[in-house]
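Going left to right, the sequence shown walks through residues 3 to 357 as the working numbering numbers them. We put the beta carbon where it would ideally sit given N, CA and C, even for glycine. The block underneath contains the structure these notes are about, expressed in structure tokens.
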Amino acid sequence: VITCSAGDTVVIGLAADSGCGKSTFMRRLTSVFGGAAEPPKGGNPDSNTLISDTTTVICLDDYHSLDRTGRKEKGVTALDPRANNFDLMYEQVKAIKSGVAVEKPIYNHVTGLIDPPELIKPPKIFVIEGLHPMYDARVRELLDFSIYLDISNEVKFAWKIQRDMAERGHSLESIKASIEARKPDFDAYIDPQKQYADAVIEVLPTELIPDDNEGKVLRVRLIMKEGVKYFNPVYLFDEGSTISWIPCGRKLTCSYPGIKFSYGPETYFGHEVSVLEMDGQFDRLDELIYIESHLSSISTKFYGEVTQQMLKHADFPGSNNGTGLFQTIVGLKIRDLYEQIVASKSGAPLEATKT
Ligand code: ADP
Ligand code: G6P
Numbered sequence: 003v004i005t006c007s008a009g010d011t012v013v014i015g016l017a018a019d020s021g022c023g024k025s026t027f028m029r030r031l032t033s034v035f036g037g038a039a040e041p042p043k044g045g046n047p048d049s050n051t052l053i054s055d056t057t058t059v060i061c062l063d064d065y066h067s068l069d070r071t072g073r074k075e076k077g078v079t080a081l082d083p084r085a086n087n088f089d090l091m092y093e094q095v096k097a098i099k100s101g102v103a104v105e106k107p108i109y110n111h112v113t114g115l116i117d118p119p120e121l122i123k124p125p126k127i128f129v130i131e132g133l134h135p136m137y138d139a140r141v142r143e144l145l146d147f148s149i150y151l152d153i154s155n156e157v158k159f160a161w162k163i164q165r166d167m168a169e170r171g172h173s174l175e176s177i178k179a180s181i182e183a184r185k186p187d188f189d190a191y192i193d194p195q196k197q198y199a200d201a202v203i204e205v206l207p208t209e210l211i212p213d214d215n216e217g218k219v220l221r222v223r224l225i226m227k228e229g230v231k232y233f234n235p236v237y238l239f240d241e242g243s244t245i246s247w248i249p250c251g252r253k254l255t256c257s258y259p260g261i262k263f264s265y266g267p268e269t270y271f272g273h274e275v276s277v278l279e280m281d282g283q284f285d286r287l288d289e290l291i292y293i294e295s296h297l298s299s300i301s302t303k304f305y306g307e308v309t310q311q312m313l314k315h316a317d318f319p320g321s322n323n324g325t326g327l328f329q330t331i332v333g334l335k336i337r338d339l340y341e342q343i344v345a346s347k348s349g350a351p352l353e354a355t356k357t
């Protein structure tokens, strides 16, 4: 099927291990673009795709070449490149990017089988999320922007316990065992992709509580590559300087252990980056406006847009800390990037959003 669009699709890659907040991030992103994404209507109920007016999000698990039984027989995990068809992934992402619809396979997470394909038409923004968006050099080249969600082992463990133990009835031992079993392949095939990411959201245990191992209070770092086209890193107070800020004064309510922001230049895998860090959590989300007013280059369209987005989705995981804040900001940066790419193609110069 050939669909004639101008080939204007902007392609975004989002990499992370499963259970690390990709779907939450996608909900924040599509909300910034002005509409919730829904599964395709009338299709396979087990489709992994989400579609909104502007954005289509596909899950790269759909490019598994081995189904659950096949992986068991061959003794490979879903993280192993041998369980995935990168040739097809490349062909189809390239087609979408050039305005051509594709018949994408569906990996059925319920049955573990590969289902008949679904039609994917070229959207304005095409997000490929999953384990390997930056693994294959050909696919990587097609990405206009890439993000890696880097959840430290301690935090991953705390989240898994919360979900698998509380909601799915798994035992502590079995959760530990499953994380340990994935680790070698995770280290070999997933983690190295972060060196290619334009932005990394790193989630670590807090440093505000000595020897904290609860994983509830988080230190979150937004690592932004310098020199990426259409992407100007966010900064705190003074671009390029090194700053440490404890905003708990007259204007921000903080309870123990408080909040600490840091900002400054660093190197990351040999690249120059800017890092914005937030340790701690907000007591009152409406006071976020105070933090927002001190951040620059956040690509908002009006004063308070970050705070508005955060309040709108206060029920999403991470809304009271740096994970929600930085996911929201990255969403705004992606909207800005998209608008700049479209403007550059139409030949009309457009100022980058400066706020
Ligand atoms: P994925 O799509 O990568 O599998 P989800 O967005 O569905 O991940 O999140 C999986 C689970 O991880 C959530 O149900 C929640 O328990 C936990 N989680 C995700 N993001 C956060 C966060 N920012 N803070 C706390 N818990 C989180
Ligand atoms: C990862 C992949 C999934 C896969 C799951 C379990 O989370 O993202 O695609 O289903 O591992 O793999 P298994 O081989 O146990 O079905």
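Whole angstroms are fine: how far does the CA of residue j sit from the CA of residue i?
i, j, result
"Y270", "K43", "42 Å"
"P135", "R84", "15 Å"
"A18", "N87", "18 Å"
"D89", "L339", "28 Å"
"Y237", "G266", "8 Å"
"T5", "Y305", "Its pLDDT being 46, under 50, T5 is placed unreliably by the model, and the measurement read from it follows with that caveat. Distance between the alpha carbons of T5 and Y305: 39 Å."
"I153", "C22", "7 Å"
"R140", "V95", "10 Å"
"L313", "H296", "18 Å"
"C256", "G101", "49 Å"
"L145", "V13", "5 Å"
"P259", "G282", "7 Å"
"K335", "A199", "14 Å"
"E156", "H111", "26 Å"
"R337", "E75", "43 Å"
"D166", "S348", "48 Å"
"S346", "P235", "20 Å"
"I261", "F284", "7 Å"
"G229", "E268", "14 Å"
"K253", "Y292", "7 Å"
"L210", "G217", "12 Å"
So the beta strand (DSSP E) residue i belongs to, where does it begin and stop?
i, result
"K227", "L220 to K227"
"A17", "V12 to A17"
"P259", "Note, P259: premise wrong, no beta strand (DSSP E); not H, not E."
"E105", "V104 to Y109"
"G72", "Premise fails: G72 lies in the alpha helix (DSSP H), R70 to K76, not in any beta strand (DSSP E)."
"L121", "I116 to I122"
"M280", "H273 to G282"
Mark residue i as exposed unless 16 or more other C-beta atoms lie within 10 angstroms of its C-beta, in which case mark it buried.
i, result
"Q329", "buried"
"G15", "buried"
"E131", "buried"
"R286", "exposed"
"L54", "Checking the displayed sequence, the identity of residue 54 turns out to be Ser instead of Leu. Its Cβ being crowded by 16 or more others within 10 Å, S54 is buried."
"N215", "exposed"
"L121", "exposed"
"T244", "exposed"
"R170", "exposed"
"A316", "exposed"
"G272", "exposed"
"W182", "Correcting the residue identity first, residue 182 is Glu in this sequence and not Trp. It counts as exposed."
"E105", "exposed"
"T113", "exposed"
Measuring from the CB of residue i, is there a heavy atom of the ligand HEM at a distance below 8 Å?
i, result
"A18", "The ligand HEM is not part of this structure, which contains only the ligand ADP and the ligand G6P."
Using a threshold of 9 Å, state whether the C-beta atoms of residue i and residue j are closer than that.
i, j, result
"Y150", "V202", "yes"
"K126", "T57", "yes"
"E370", "R223", "Outside the modelled stretch of the chain, which goes from 3 to 357, sits residue 370, for which no answer is possible."
"I98", "T11", "yes"
"V129", "I225", "no"
"P118", "N46", "yes"
"L174", "I192", "no"
"D138", "P107", "no"
"L62", "L115", "no"
"T309", "D288", "yes"
"R70", "D82", "no"
Starting from the Cα of residue i, find the closest Cα among the options and give me that residue.
i, options, result
"D240", "V277, R221 and G229", "V277"
"F318", "A139, E156 and F27", "F27"
"P207", "R165, N323 and D189", "N323"
"A80", "L31, R184 and K106", "R184"
"K158", "Q195, L220 and G242", "L220"
"R142", "Q195, S299, T325 and L327", "Q195"
"G36", "G333, P107, N234 and S346", "G333"
"K178", "I108, C250 and A160", "A160"
"Q342", "Y232, A103 and L210", "Y232"
"S264", "Y292, P249, A39 and G272", "P249"
"Q311", "R30, S20, G9 and S25", "R30"
Return the first residue and the last residue of the alpha helix (DSSP H) that residue i is part of.
i, result
"I181", "L174 to D187"
"A97", "F88 to K99"
"T32", "K24 to V34"
"G324", "G324 to S348"
"V129", "Run containing V129: none in the alpha helix (DSSP H); it sits in the beta strand (DSSP E), I127 to G132."
"M167", "Careful: M167 lies outside any alpha helix (DSSP H) and carries neither H nor E."
"Y292", "L290 to E294"
"V157", "N155 to K162"
"T51", "It is not in any alpha helix (DSSP H) - T51 carries neither H nor E in the DSSP assignment."
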